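Below you'll find the structure, written out as structure tokens, and then a few comments.
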Amino acid sequence: MSGIAIRNIRKSFGATRVLHDVSLSIADGEFLTLLGPSGCGKSTLLRILAGLEVQDTGSIEIGGRVVDGIRPKRRDVAMVFQSYALYPHMSVAANIALPLRMRRLSRAQRLPLIGRWLPGSGPVISGIEMEVSRTAEALGIAHLLNRRPGQLSGGQRQRVAVGRAMVRHPAVFLMDEPLSNLDAKLRVQMRAEIKDLHRRLGVTFVYVTHDQAEAMTLSDRVVVMRDGEILQVAPPQEIYADPNDMRVAEFLGSPKINMVDATMREPGLVDLAGSALPVACEIAPGSKFTVGIRPEAFQFAEHPGPGVITGSVRMVEHMGSDLFVYFDPCGLEHPLIARLSAERAPHIVAGQTLHVSVRPDQLLVFNRDGRRVRARDVSRTNPSTPVREWA
Amino acid sequence: MSAIRLSPAAAILRHGVLVLTSAFILVPFVWMVSLSLKSPGEIFRATFSVLPAQFYGVDNYAKAITSVPLPGYMGNGLLVCALILAAQILVCAPAAYALAKLKFWGRDFIFAMVLVGLLLPHQVLSLPLFILCYKLGILNTYLALVIPYVVSPFGIFLFRQFFRKIPDDIVHAARLDGLTELAIVWKIMVPMALPAVIAFSIFSVVAHWNDLFWPLIAVRDGHLMPAPLGIMAFKNEEAGNDYGPLMAASTLVVAPLLIAFLAAQKWFVEGMTGGSVK
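Protein chains in written order, with the numbering used here: chain A, 1 to 391; chain B, 392 to 669.
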């Protein structure tokens with residue numbers, strides 16, 4: 001009913017190309033996140049969806065209707081802004097009521113003082129007031145309706161902004177980094193509330209963020225963008241475990257994925273960090289490429305042996321259940337980071353020698369252009385890397 | 392803002408300078424009020440005292456109000472100032488919004504023209520305006536007093552600076568909420584820029600309440616004259632040397648402005664400094 005189709009969108013600001021030929025389709029009721037560093041074009045894409053910016057070429061369809069050239073208010077979309085964009089001179093109630101007043105009341109009925117007494121406006125206005133208080137009730141801000149935005153905390157303002165967006169039951173919710181002005185604790189709480197809101201409303205959400213934790217926890221699918229291009233579109237698990245592109249792998253995951261230059265020794269065996277590891281990739285022997293290893297893909301090993309990487313420990317960070325171990329294998333300029341279970345590797349200290357093993361299916365192989373080279377016949381059905389909790 | 396602590400000597404010096412300069416500005420006003428309370432004989436005495444030796448205020452003020460239609464002049468001034476201000480805000484706010492928030496071809500050029508307009512003294516335009524009013528046939532009417540001031544480059548400039556500070560997201564939110572561009576101007580931008588509107592209002596009212604030059608050219612009818620022109624008429628009628636009532640009339644003309652300014656001082660200062668500090 002209200003799916004979105006984005007076709008070949010291009011956009012430039014002056015000489016800067018912000019979006020290069022972006023195409024994407026979003027299912028009705030889906031929670032889709034546009035994830036990327038600042039300046040990747042994700043906010044511009046959202047604004048084009050809302051009708052606040054006009055694309056240079058390409059077309060947008062919302063709910064089966066082409067909306068190019070249609071004004072924002074006729075697109076049946078609502079937006080929550082990073083700055084909340086509340087009207088500071090209006091009460092919370094007036095802020096939330098405004099979209100309904102603009103849609104349901106005639107120009108004359110909206111006049112201050114006399115509008116209320118014009119024929120027909122009484123029932124409409126009391127209907128609006130009822131919906132505003134119902135919305136405020138649902139968001140837990142009913143006691144704030146008479147305040148001004150300036151008198152509210154960040155979290156409360158955020159709720160008012162969400163209230164103003166949801167009160168008119170839009171087909172599509174657009175959210176532009178709505179949580180980035182909140183402190184860390186509130187952010188986690190509001191994240192859960194947004195997830196809940198999506199479940200209750202069941203409408204399409206397009207959510208822009210640069211925070212991978214938000215993207216991973218909220219989304220049905222994540223779109224990773226970089227430099228005005230879409231790098232990958234996939235569900236959160238898949239985008240983490242099975243990235244298409246080196247930039248996707250590097251952007252997701254904390255601590256960051258280890259990227260190691262490697263050489264193919266012979267088919268199925270790769271020279272990496274001073275040891276030979278088996279991989280299942282069709283790459284000509286002798287060619288150079290890059291291998292990505294997630295920190296948690298390393299397993300603590302008691303002894304050196306085939307397929308085991310050895311290095312001296314530079315630094316250990318205790319994170320409670322896990323250890324982040326920075327170690328220097330021979331022949332590498334930068335240390336590798338391993339995330340080891342504190343139970344299995346309890347006594348690691350800086351300066352000692354560490355042995356770690358990696359399962360072949362957890363080596364992510366990228367060619368010189370940063371594109372992923374997939375295993376020939378390693379089944380993709382079990383991306384066995386566990387997705388860690390995203391706090 | 393934290394106050395900077397000054398050494399006593401520096402504080403005395405600073406306050407001394409402030410007192411001197413403000414005294415310099417205030418003396419004529421004090422003199423005016425003082426003269427308005429004195430008898431004709433005392434006004435021309437060689438010695439000067441601030442307080443009158445013989446209180447003659449009631450006579451002077453009564454004469455100021457009764458011998459010429461001063462209340463009528465002030466009513467004209469009020470009407471003209473109100474019309475000018477309403478028209479100016481009506482024109483300046485949408486123009487400033489367009490210059491601040493909309494993108495269109497030639498915007499920067501148009502804004503440059505506004506700045507040029509800001510540099511031109513109004514007197515330079517008086518001859519063309521006079522001819523214009525003549526051709527329109529509105530000379531010697533209230534319209535002739537209002538029309539030349541409807542477009543205020545200063546108002547456009549001031550509002551634009553204020554509107555620019557309002558985040559684009561608010562405009563975007565308003566568009567999504569279904570407001571037309573004009574509704575954004577009147578419902579969102581103007582209320583948010585209220586300090587600027589008040590500051591501009593004071594400027595506009597003061598300038599046009601006190602304006603002598605253009606009304607002198609544009610109207611001849613006594614019943615159309617605003618206050619300063621009225622005072623002049625008063626002076627001529629009274630053969631020039633009855634200074635007590637003249638000063639009383641001047642005091643009465645200045646008083647409303649003084650009261651208005653004191654009442655709106657807080658917003659006035661915010662409106663004038665807001666653009667530069669924040």
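Yeah, the Cβ is synthetic: ideal placement off N, Cα and C, and Gly gets one too.
All values derive from a computational prediction rather than experimental measurement.
Between leucine 32(A) and aspartate 220(A), which are expected to be in contact by the criterion C-beta below 8 Å, what is the C-beta distance as a whole number of angstroms?
Position 32 of the first sequence, counting from 1, holds the residue named residue 32(A). Position 220 of the first sequence, counting from 1, holds the residue named residue 220(A). With a Cβ gap of about 7 Å, leucine 32(A) and aspartate 220(A) count as contacting.
If you run the structure through DSSP and keep just helix, strand and coil, what is alanine 342(A)?
Reading the first sequence from its first residue, position 342 is the one you call residue 342(A). Looking at alanine 342(A) - three-state DSSP - the assignment turns out to be coil, as it is neither helix nor strand.
For arginine 71(A) versus arginine 396(B), is the C-beta distance shorter than 9 Å?
For the purposes of this step, residue 71(A) is taken as the residue at position 71 of the first sequence. For the purposes of this step, residue 396(B) is taken as the residue at position 5 of the second sequence. Taking 9 Å as the Cβ cut-off, arginine 71(A) and arginine 396(B) do not qualify as a contacting pair.
Using a Cβ cut-off of 7 Å, pull out every chain B residue sitting near lysine 42(A), in sequence order please.
Along the first sequence, read from residue 1 onward, the residue named residue 42(A) stands at position 42. Under the 7 Å cutoff, chain B gives no residues; its nearest Cβ is about 16 Å from lysine 42(A).
Please state whether the Cβ-Cβ distance between glycine 127(A) and arginine 104(A) is less than 9 Å.
Position 127 of the first sequence holds residue 127(A). Position 104 of the first sequence holds residue 104(A). Yes, they are a contact pair.
Quick one: which residues of the segment 571-585 of chain B get their C-beta closer than 7 Å to a C-beta of chain A? List them in chain order.
Cβ contacts with chain A: Ile579, Pro582, Met583.
Could you pull out every residue in the same chain whose Cβ sits closer than 6 Å to the Cβ of alanine 93(A), ignoring the five residues on either side in sequence?
To locate residue 93(A), count along the first sequence from 1; it is residue 93. Cβ within range, chain order: Val132, Leu145.
Can you tell me where the alpha helix (DSSP H) with histidine 563(B) in it begins and where it stops?
The sequence position of residue 563(B) within the second sequence is 172, counting from 1. Start and end: 559-567.
Run through chain A and tell me which residues come within less than 9 Å of isoleucine 561(B), C-beta to C-beta.
In the second sequence, counting from the first residue as 1, residue 561(B) sits at position 170. Result: Phe81, Ser83, Ala85, Leu86, Tyr87, Pro88.
How long is the line joining the alpha carbons of glycine 155(A) and proline 149(A), rounded to whole angstroms?
Reading the first sequence from its first residue, position 155 is the one you call residue 155(A). Reading the first sequence from its first residue, position 149 is the one you call residue 149(A). Between glycine 155(A) and proline 149(A), the C-alpha separation is close to 11 Å.
In whole angstroms, give me the CA-to-CA distance for threonine 532(B) and leucine 469(B).
The residue given as residue 532(B) occupies position 141 in the second sequence. The residue given as residue 469(B) occupies position 78 in the second sequence. Cα to Cα, the separation comes out at about 15 Å.
Identify each residue in the segment 103-133 of chain A for which the Cβ-Cβ distance to at least one residue of chain B is less than 7 Å, and report them in chain order.
For the segment 103-133 of chain A, which is checked against every Cβ of chain B, the residues closer than 7 Å are Arg103.
Quick check on the DSSP output: the beta strand (DSSP E) that includes isoleucine 6(A) runs from which residue to which?
Stepping through the first sequence from its first residue, residue 6(A) is reached at position 6. Per DSSP, isoleucine 6(A) belongs to the beta strand (DSSP E) from 4-13.
In angstroms with no decimal places, state the Cα-to-Cα distance between tyrosine 240(A) and leucine 111(A).
Taking the first sequence and counting its residues from 1, one reaches residue 240(A) at position 240. Taking the first sequence and counting its residues from 1, one reaches residue 111(A) at position 111. Those two C-alpha atoms are separated by around 54 Å.
Do arginine 17(A) and arginine 7(A) have their CB atoms nearer than 9 Å?
For this step, residue 17(A) is matched to residue 17 along the first sequence. For this step, residue 7(A) is matched to residue 7 along the first sequence. In this structure, arginine 7(A) does not lie closer than 9 Å to arginine 17(A) by Cβ.
Comparing alpha-carbon positions, which option in Ile650(B), Ile575(B), Asp568(B) lies nearest leucine 100(A)?
On the first sequence, residue 100(A) is found 100 positions in, with the first residue counted as 1. With distances taken between Cα atoms, leucine 100(A) lies closest to Asp568(B).
Are tyrosine 87(A) and isoleucine 480(B) closer than 9 Å when you measure CB to CB?
On the first sequence, position 87 is the one that residue 87(A) refers to. On the second sequence, position 89 is the one that residue 480(B) refers to. No, Cβ-Cβ distance for tyrosine 87(A) and isoleucine 480(B) is not below 9 Å.
Rounded to whole angstroms, what's the CA-CA distance from isoleucine 283(A) to valine 373(A)? Just pull it up for me.
The sequence position of residue 283(A) within the first sequence is 283, counting from 1. The sequence position of residue 373(A) within the first sequence is 373, counting from 1. The alpha-carbon atoms of isoleucine 283(A) and valine 373(A) are separated by roughly 9 Å.
How would you call alanine 724(B), buried or exposed, if buried means at least 16 neighbouring beta carbons within 10 angstroms?
This structure cannot settle anything about residue 724(B), because the visible part of chain B is limited to 392 through 669.
On a Cα-Cα basis, can you pick out the residue from Glu229(A), Leu19(A), Ile26(A) that is closest to valine 393(A)?
Because chain A here runs from 1 to 391, residue 393(A) falls outside it and cannot be looked at.
Quick check: the Cα distance between histidine 599(B) and proline 119(A), rounded to an integer number of angstroms?
Position 208 of the second sequence, counted from the first residue, corresponds to residue 599(B). Position 119 of the first sequence, counted from the first residue, corresponds to residue 119(A). So the alpha carbons of these two residues sit roughly 42 Å apart.
Chain B partners of leucine 52(A), CB-CB under 7 Å?
Walking along the first sequence from the start, residue 52(A) turns up at place 52. Within chain B, the residues near leucine 52(A) are His563, Arg566.
Per DSSP, what kind of secondary structure is histidine 599(B) in: helix, strand or coil?
Mapped onto the second sequence, residue 599(B) falls at position 208. Reduced to three states, the DSSP call for histidine 599(B) is helix.
Cα separation between leucine 231(A) and valine 224(A)?
Residue mapping note: residue 231(A) aligns to position 231 of the first sequence, counting from 1. Residue mapping note: residue 224(A) aligns to position 224 of the first sequence, counting from 1. Those two C-alpha atoms are separated by around 6 Å.
Valine 172(A) CB to nearest chain B CB: under 9 Å?
Start at 1 with the first residue of the first sequence, and residue 172(A) comes out as number 172. It does not: the Cβ of valine 172(A) has no partner Cβ on chain B nearer than 9 Å.
Please check if any C-beta of chain B sits within less than 9 Å of the C-beta of alanine 78(A).
On the first sequence, position 78 is the one that residue 78(A) refers to. At least one chain B Cβ lies under 9 Å of alanine 78(A).
Could you confirm whether any beta carbon from chain D is found closer than 9 Å to the beta carbon of leucine 98(A)?
No chain D appears in the structure shown, which is made up of the protein chains A and B.
For the segment 146-232 of chain A, list the alpha helix (DSSP H) runs that are entirely contained and at least 4 residues long, ordered along the chain.
For the segment 146-232 of chain A, whole alpha helix (DSSP H) runs of length 4 or above, ordered along the chain, are 154-166, 184-201, 212-218.
Name the one or two DSSP bridge partners that threonine 263(A) has.
As a working mapping, residue 263(A) is identified with position 263 in the first sequence. Note: threonine 263(A) sits in a beta bridge opposite Asp271(A), Lys288(A).
Determine, using beta carbons only, whether arginine 159(A) comes closer than 9 Å to chain B.
Position 159 of the first sequence, counted from the start, is the residue given in the question as residue 159(A). No, no contact with chain B.
For a cutoff of 9 Å on Cβ pairs, would you count glycine 497(B) as touching chain A?
As a working mapping, residue 497(B) is identified with position 106 in the second sequence. So, not an interface residue.
In chain order, which continuous runs of the alpha helix (DSSP H) of length 4 or greater are located wholly inside the segment 447-521 of chain B?
Listed in chain order, the complete alpha helix (DSSP H) runs (minimum 4 residues) inside the segment 447-521 of chain B are 448-458, 461-492, 498-510.
Using only the alpha-carbon positions, how far apart do phenylalanine 332(B) and arginine 611(B) sit?
The requested residue 332(B) is not part of the displayed model; chain B covers only 392 to 669.
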